[in-house]
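Colleague:
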Amino acid sequence: MSHQYRKQPLSSADMLTLLKSRNLLIPDEARATRYLDSIGYYRLSGYMYPLQLADRSHRFVQGTSFDDIVRAYKFDKQLRAIVMEYMERVEVVLRAKLTNYYSLEHGFFWYTDENLFDRKYIGQWQELLEKLQQEFKQPKELFLKTFKRNYPDEPFPPSQMALETLSLGELARLFRALLTDQTKRQIATEFQQAPSTLDTWFLWLANVRNVCAHHGRLWNRILSADRPTIPSRKQFKFAVDMPDDANTTMYGAVALINHLLQCFNPGNAFTVKVEALIREYQVDATKMGFPAEWETTAVWHH
């Protein structure tokens, strides 16, 4: 059996013909062509699958229109923007807490102290430290150039500068690598979760944020990498039971982001914006893992 890829490229006109043969309604072919030319068939195809029959024929559910695909695409684009906006707040707060609390307890260069890190993750910590050291040899950021000029004997910048150059994923790995000492427990307490649970949350949400940053399909994606712990201990569990798949769905992501936001910005509009977007585009929220009666039963309503 040959495993070569034998599909042939199709023009936009041929793509429309193919879609129509699969029972898709295309009320405005010129408009559909513009979307295919500007977005691409492959990217749009990710929004087609939920609208197709489950028999793998690629045929669309009766009455499905190209407009339904575009609506799902636009919804997803705006959902990514909302998630990015509020994940930025989470990232900034995590960075500030790490810098402030560990610097006060262990000095500005705490992140270079091997004794503060779990042996299980010492390799990841060393990789991160080597990356920071290499970047500091020829810094790109003005604040790093200034520090290096003023303190040429220092091999590393202080943590308030170093952590500014780390991505959320790198911050999450740094947080996980830290030993669960009094300082880490203090941060976890302020986020109202156990340290080991928070380790998994930041790693998973960093993956969610990366999907957004790379313009990936988000709304009905199975978010299986670095699955987070959904707390079960009475002290930390959510007000209502979470679905079994909450650690792989956007419903779970919204719930976790909302929990973190409530710890330092309780007046935020994150879930309000997400719900308004669902209503505006009339998407099936259950495909994001939301409960059927999400407008009243979603965890953030309790």
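Its first residue numbered 1, the sequence shown is counted upward by one per residue in the UniProt record's numbering. For glycine and all other residues, C-beta sits at the position ideal for the given N, C-alpha and C.
#1: Specify, as a first and last residue, the run of the alpha helix (DSSP H) that Q262 falls within.
#2: Could you check the C-alpha separation between R59 and E293 for me, to the nearest Å?
#3: State yes or no: is the C-beta of E127 within less than 9 Å of the C-beta of T165?
#4: Tell me the DSSP secondary structure of Q282 in three-state form.
#5: With a 10 Å radius around its C-beta and 16 neighbouring C-beta atoms as the bar for buried, classify S159 as buried or exposed.
#6: Looking only at its own chain, which residues have a Cβ that is under 8 Å from the Cβ of L116, when we skip the five neighbours before and after it?
#7: How far does the alpha helix (DSSP H) with T112 in it extend, from its first residue to its last?
#8: Check whether the Cβ atoms of A172 and L132 sit closer than 9 Å, and answer yes or no.
#9: Would you report the Cα separation of M288 and K20, rounded to the nearest angstrom?
#10: What do you reckon, are the CB atoms on Y41 and L10 nearer than 9 Å?
#11: Are there 16 or more other CB atoms within 10 angstroms of the CB of L104, so buried, or fewer, so exposed?
#12: Can you tell which of H301, L261, D226, L36 has its C-alpha closest to the C-alpha of W201?
#13: Could you pull the DSSP bridge partners for S65 from this structure?
#14: Just to confirm, are I230 and A246 a CB contact at a threshold of 9 Å?
#15: Which partner residues of Q8 appear in the DSSP bridge assignment?
#16: State buried or exposed for L18, treating a residue as buried only when at least 16 other CB atoms are found within 10 Å of its CB.
#17: Judging by CA-CA distance, which residue of T189, V274, N220 is the nearest neighbour of F264?
#18: Distance check for L261 and R89, CA to CA, integer angstroms please.
#19: Kindly indicate which three-state DSSP category F60 falls into: helix, strand or coil?
#20: Does chain C have any CB closer than 9 Å to the CB of W110?
#21: Cβ of N258 within 9 Å of Cβ of W300?
#22: Classify Q134 as buried or exposed, calling it buried when 16 or more other Cβ atoms lie within 10 Å of its own Cβ.
#23: Per the DSSP calculation, Q192 is bridged to which residue(s)?
#24: Can you look up Q138 in the DSSP assignment and give me helix, strand or coil?
#25: Could you pull out every residue in the same chain whose Cβ sits closer than 6 Å to the Cβ of G252, ignoring the five residues on either side in sequence?
#26: Leaving out five residues before and five after P50 in sequence, what residues of the same chain have Cβ atoms less than 8 Å from its Cβ?
Modeller: Concretely, from the data shown:
#1: Counted as a single uninterrupted DSSP element, the alpha helix (DSSP H) harbouring Q262 occupies residues 250-264.
#2: About 29 Å.
#3: Not in contact: E127 and T165 (Cβ atoms no closer than 9 Å).
#4: Taken through DSSP and simplified to helix, strand or coil, Q282 comes out as coil.
#5: Flag for S159 reads buried.
#6: When the five nearest sequence neighbours on each side are left out, the beta carbons in the same chain lying within less than 8 Å of the beta carbon of L116 are those of Y102, H106, W110, L178, L179, D181, in order along the chain.
#7: Where T112 is concerned, there is no enclosing alpha helix (DSSP H), given that its DSSP letter is neither H nor E.
#8: No, they are not a contact pair.
#9: Going from the Cα of M288 to the Cα of K20 covers about 27 Å.
#10: Yes. Within cutoff.
#11: Exposed is the call here.
#12: Cα-wise, what sits closest to W201 is D226.
#13: S65 pairs with L25.
#14: Closer than 9 Å, so yes.
#15: Answer is none; Q8 lacks a bridge partner.
#16: It counts as exposed.
#17: Nearest Cα to F264 within the set T189, V274, N220: T189.
#18: Computed Cα separation, rounded: 8 Å.
#19: Strand.
#20: Absence of chain C from the displayed structure is noted, only one protein chain being present.
#21: Going by beta carbons, N258 and W300 fall inside the 9 Å limit.
#22: Label assigned to Q134: exposed.
#23: In the DSSP output, where bridge partners are listed per residue, Q192 has none listed.
#24: Coil.
#25: The beta carbon of G252 lies closer than 6 Å to those of A246 in the same chain, with the five residues before and after it left out.
#26: Close CB contacts of P50 within its chain, under the 8 Å cut and outside five residues either way in sequence, are with A72, N220, D284, K287 (chain order).
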